Amino acid sequence: MARRAQPIAALSAAVVLALTLGTLAAVFARASGLPELGPADLAALRFTILQATLSAILSAALAVPVARALARRRFPGRGILITLLGAPFILPVIVAVLGLLAVFGRAGLFNRGLEFLGLPPVTIYGLQGVVLAHVFFNLPLATRLILQGWLSIPAERFRLAASLSMGPSEIARFLERPMLRSVLPGTVTAIFLICLTSFAVALTLGGGPRATTIELAIYQAFRFDFDLGRAAALASVQFVLCLLAVLLAGRAARETGFGAGLDRQVERWDAGSVWLKVQDAAALILVSIFLLLPLGALLEAGLPRLATLPAPVWESALRSLAVAVSSAVLILVLALPLALAAAGRRQAGLWEISAMLPLTASSLVTGTGLFILLRPFFAPGDVALPVTVLVNAAMALPFAYRSLLPPARDAETDFGRLAESLGMTGLARLRLVTLPRLRRPLGFALGLTAALSMGDLGVIALFAGEETATLPLQLYRLMGAYRMADAAGAAVLLLGLSLALFWVFDRGGRVNARA
Numbered sequence: 000m001a002r003r004a005q006p007i008a009a010l011s012a013a014v015v016l017a018l019t020l021g022t023l024a025a026v027f028a029r030a031s032g033l034p035e036l037g038p039a040d041l042a043a044l045r046f047t048i049l050q051a052t053l054s055a056i057l058s059a060a061l062a063v064p065v066a067r068a069l070a071r072r073r074f075p076g077r078g079i080l081i082t083l084l085g086a087p088f089i090l091p092v093i094v095a096v097l098g099l100l101a102v103f104g105r106a107g108l109f110n111r112g113l114e115f116l117g118l119p120p121v122t123i124y125g126l127q128g129v130v131l132a133h134v135f136f137n138l139p140l141a142t143r144l145i146l147q148g149w150l151s152i153p154a155e156r157f158r159l160a161a162s163l164s165m166g167p168s169e170i171a172r173f174l175e176r177p178m179l180r181s182v183l184p185g186t187v188t189a190i191f192l193i194c195l196t197s198f199a200v201a202l203t204l205g206g207g208p209r210a211t212t213i214e215l216a217i218y219q220a221f222r223f224d225f226d227l228g229r230a231a232a233l234a235s236v237q238f239v240l241c242l243l244a245v246l247l248a249g250r251a252a253r254e255t256g257f258g259a260g261l262d263r264q265v266e267r268w269d270a271g272s273v274w275l276k277v278q279d280a281a282a283l284i285l286v287s288i289f290l291l292l293p294l295g296a297l298l299e300a301g302l303p304r305l306a307t308l309p310a311p312v313w314e315s316a317l318r319s320l321a322v323a324v325s326s327a328v329l330i331l332v333l334a335l336p337l338a339l340a341a342a343g344r345r346q347a348g349l350w351e352i353s354a355m356l357p358l359t360a361s362s363l364v365t366g367t368g369l370f371i372l373l374r375p376f377f378a379p380g381d382v383a384l385p386v387t388v389l390v391n392a393a394m395a396l397p398f399a400y401r402s403l404l405p406p407a408r409d410a411e412t413d414f415g416r417l418a419e420s421l422g423m424t425g426l427a428r429l430r431l432v433t434l435p436r437l438r439r440p441l442g443f444a445l446g447l448t449a450a451l452s453m454g455d456l457g458v459i460a461l462f463a464g465e466e467t468a469t470l471p472l473q474l475y476r477l478m479g480a481y482r483m484a485d486a487a488g489a490a491v492l493l494l495g496l497s498l499a500l501f502w503v504f505d506r507g508g509r510v511n512a513r514a
């Protein structure tokens, strides 16, 4: 299967290379030489690395106890809680930032609580605000990626551990820590790359020149100076930095070596103590408060306006739905062949780099490069929606690939030789052996792609006219016109549609799959 997937994987990799390196080359072609980076650019580089490192480490560290609690507990509403905890990552950034400001801003609930206790207020602007927002966005992603690792441990290993009277410390040493050594490098890298290319968070919460990221500096070079040379130089630094992170993560990852299982329901005989139950409950309650309280503030402001939204908002919502579903279909074509090809371990490093390349490229630079390439042939508004679908799918590729790769490797390792001995190849092997073991992460990848595409405000802002605006762009226009009540209602609509898309795809992947 891995060998047969390689030609299609090569085509997927070619598309990704054209969208990343090709658009960067277009920007270089328009630039008149590469200037040296000044003190402000170097300061932006230092701040970018610092905030991305802190954000990635904190997100992954906080996600471990949450994912562990979800992996070893079964309770009513668990599936709904997992879906709700993923809501912050699929929110449009500016909408989520407004929710964070309602809780942690100067007049927010947190500072009002500090004032009641007689303590001085804290500011959300600057490094602490950027890291807080990034943890808010990426903690759910880290939880889901790490949870996939926990669920990949065969039930038979826990049965064997119980028969050997292993306690929680032995389970952690022989089962959980090897899994974490396999999952955490990729998780931390993915979040590091997200934070490295963060734009809207730094724009709204950065707090001035001392808290400027490389992405924000690229935006300033494009928007205010139209200095393509400086923007290309900054994009090159960002690209090299991201590529180094991907390579280091690949060297740090380790295989678990758990072997095949029988896809039985996992039972955790080691987690029955009262202390562990309290520990898991505390982790789930605290993370729920942290992630859902800002969403509650948004709902309180936007729900009353939902029924009175103007017609253009509903029309843009339909366009966003079409873009989101199309992006989800396209991600299946891009991510699945790359994951299956890498599972065979032949040229696995090449497929890994190809899949992670979109995170190394700035979406702003990608959009600008496409604008430069397509403008001589097409009116920007005519290709706004197809280009948005393509770029959204490419930007979601690293998350989909990272979700699909571990189970694809397990399926190839555990059942590859058996399938070959039975002469099972092509679509039959894909349908009977591979897809059943990729059903859960595939549903998650499709749902994540659709939700991220639903809330994206990137390339569409460069291409869209009045007739092709998506819901996020319509929301930004309402905010720019100071129609904040309508903007809050549109934000609630966008949140509901994003969650619904994610739930439909993710639920479809979990039906008849090992819970």
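Take 0 as the starting number for the sequence shown in numbering that gives the first Met the number 0 and just add one per residue. Yeah, the Cβ is synthetic: ideal placement off N, Cα and C, and Gly gets one too. The model shown is predicted, which means the values in this text are computed figures rather than measured ones.
Please work out which residues of its chain come closer than 8 angstroms, Cβ to Cβ, to residue i, disregarding the five sequence neighbours upstream and downstream, and give them in chain order.
i	result
Tyr475	Ile93, Leu456, Ala460
Arg318	Leu384, Thr467, Ala468, Thr469, Leu470
Arg209	Ala42, Phe46, Gly125
Gly518	Examination of residue 518 is not possible in this model, given that the chain is present from 0 through 514 alone.
Thr52	Phe191
Asn137	Ser54, Ala55, Ser58, Phe88, Ile190, Ile193, Cys194
Hey, could you find the ends of the alpha helix (DSSP H) residue i is sitting in?
i	result
Ile123	From DSSP, Ile123 is part of no alpha helix (DSSP H); its letter is neither H nor E.
Ser315	310 to 342
Thr188	176 to 195
Pro379	Neither: Pro379 is in no alpha helix (DSSP H) and is coded neither H nor E.
Arg515	In the structure as shown, the chain starts at 0 and stops at 514, and residue 515 therefore has no counterpart that could be examined.
Ile152	Run containing Ile152: none; DSSP gives neither H nor E here.
Arg71	38 to 71
Gly446	434 to 453
Glu114	108 to 115
Ser287	273 to 301
Glu214	213 to 219
Thr22	22 to 29
Arg77	77 to 84
Leu100	92 to 103
Ala463	Unbroken run through Ala463: none, as it is neither H nor E.
Thr203	199 to 204
Mind checking residue i: buried by the 16 CB within 10 Å criterion, or exposed?
i	result
Met483	exposed
Ser353	buried
Tyr481	exposed
Leu116	exposed
Asp505	buried
Met0	Per-residue confidence for Met0 stands at a pLDDT of 49, beneath the threshold of 50, marking its modelled position as unreliable; the derived number appears in the next sentence. By the 10 Å Cβ count, Met0 comes out buried.
Trp274	exposed
Ser272	exposed
Thr203	buried
Thr122	exposed
Thr211	buried
Val388	buried
Pro309	exposed
Glu35	exposed
Val390	buried
Phe501	buried
Arg374	exposed
Pro119	exposed
Phe398	buried
Arg71	buried
Phe376	exposed
I'd like the list of long-range same chain contacts for residue i, defined as Cβ closer than 7 angstroms, with 5 residues on each side in sequence excluded.
i	result
Val65	Thr142, Ala282, Leu283, Val286
Ala244	Thr188, Phe191, Leu192
Gly107	Leu100, Ala101
Pro311	Gln473
Ala486	Leu474, Leu477, Met478
Pro406	Ser151, Arg436, Leu437, Pro440
Ala490	Val94, Leu297, Gly301, Leu474
Ser361	Thr196, Glu214, Ile217, Ala234, Gln237
Leu146	Ala66, Leu69, Ala70
Quick one: what's got a C-beta closer than 6 angstroms to residue i's C-beta in the same chain, skipping five residues either side?
i	result
Thr359	Phe238, Cys241, Leu242
Thr255	Because Thr255 carries a pLDDT of 47, less than 50, the predicted location of this residue cannot be relied on, and the following value inherits that uncertainty. Excluding sequence neighbours, Thr255 sits near Pro177, Met178, Ser181.
Val503	none
Thr307	none
Gln5	Ala340
Pro293	Gly98, Leu99, Val102
Can you give the beta carbon distance from residue i to residue j, rounded, assuming they're within the 8 angstroms contact cut?
i	j	result
Val15	Leu61	With a Cβ gap of about 31 angstroms, Val15 and Leu61 do not count as contacting.
Ala8	Ala410	Going by Cβ atoms, the distance from Ala8 to Ala410 rounds to 16 angstroms, so no, they are not a contact pair.
Counting contacts by CB-CB distance shorter than 8 angstroms, is residue i in contact with chain B?
i	result
Phe198	The chain labelled as chain B is not found in the depicted structure, where only one protein chain is given.
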